[in-house]
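Enquirer:
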Amino acid sequence: MFELARRYIRTSLVFAAISVLLGMHMIAQRLLEKPKPLYWLPTAHGHIFLVGFVTMMIMGVAIWMFPRPKGARYSSLLSEICYWLITVGTAVRGLGEIAASYSTLKFWLWLSVIGGMSQSIAILLFIANIWARIAPVGKLLKEDREPS
-9 MFELARRYIR
1 TSLVFAAISV
11 LLGMHMIAQR
21 LLEKPKPLYW
31 LPTAHGHIFL
41 VGFVTMMIMG
51 VAIWMFPRPK
61 GARYSSLLSE
71 ICYWLITVGT
81 AVRGLGEIAA
91 SYSTLKFWLW
101 LSVIGGMSQS
111 IAILLFIANI
121 WARIAPVGKL
131 LKEDREPS
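First residue of the sequence shown? That's -9 in the working numbering, and the numbers climb one at a time after it.
(1) If we ignore side chains and look at the alpha-carbon of each, how far apart do ARG(-3) and LYS96 end up?
(2) If we ignore side chains and look at the alpha-carbon of each, how far apart do LEU67 and GLU23 end up?
(3) Just verifying my parser: in three-state terms, what is the DSSP assignment at LEU95?
(4) If I'm right that TYR64 touches ALA(-5) with Cβ under 8 Å, what's the distance once you round it to whole angstroms?
(5) Measure from the alpha carbon of ALA34 to the alpha carbon of each residue in MET46, ILE8, GLY50, ARG20, then state which is nearest.
(6) If we count the other Cβ atoms within 10 Å of its Cβ and call it buried at 16 or more, is SER69 buried or exposed?
(7) Which residues mark the beginning and the end of the alpha helix (DSSP H) in which GLU(-7) is found?
(8) How big is the Cα-Cα spacing for ARG83 and ILE17?
Right under this line is the structure:
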């Protein structure tokens, strides 16, 4: 397995653990305290889980498993840039949304917007970069042909 793929997968597992802990915190808060409307915690939980865990796991497995055709326009450097954009973006967005649940400062929501933009850019760049690796190479296999 490539180092970058391992990094994507391990980071996704860290985000999964953070998401589980945040979910446990939300449940404990409802059970043990007077429930307060913490509007942004479910949003943070969702983004950390779906982008941080699920999307990054898919990205790591794609980098690892998808074939690298010769002459394809795939860039390892761009995959590295995507890794940092999505990792930092997810952490910043999660921090912003969690902090916005406990604070009235708009700064935290703007921080969340910046993190979300970083996530979006990373995902779009990743799609553009990996696209060539999912195109058919050579002849189609029998099971890939349309039924006659």
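Each residue gets a CB set at the ideal place from its N, CA and C atoms; glycine is no exception. Computed from a predicted model, the values in this text were never measured in an experiment.
Expert: Working from what's here:
(1) The residue you call residue -3 lines up with position 7 of the sequence shown. The residue you call residue 96 lines up with position 106 of the sequence shown. About 33 Å.
(2) In the sequence shown, counting from the first residue as 1, residue 67 sits at position 77. In the sequence shown, counting from the first residue as 1, residue 23 sits at position 33. About 48 Å.
(3) Counting from one through the sequence shown, the residue named residue 95 turns up at place 105. Looking at LEU95 - three-state DSSP - the assignment turns out to be coil, as it is neither helix nor strand.
(4) For the purposes of this step, residue 64 is identified with residue 74 of the sequence shown, where counting begins at 1. For the purposes of this step, residue -5 is identified with residue 5 of the sequence shown, where counting begins at 1. About 13 Å; that fails the 8 Å criterion.
(5) Here the question's residue 34 lines up with position 44 in the sequence shown. Looking at the Cα atoms, ILE8 is the closest of the given residues.
(6) To locate residue 69, count along the sequence shown from 1; it is residue 79. Per the 10 Å Cβ criterion, buried.
(7) For the purposes of this step, residue -7 is taken as residue 3 along the sequence shown, with counting starting at 1. Residues -7 to 22.
(8) Working through the sequence shown from its first residue, we reach residue 83 at position 93. Working through the sequence shown from its first residue, we reach residue 17 at position 27. Each residue's alpha carbon lies about 21 Å from the other.
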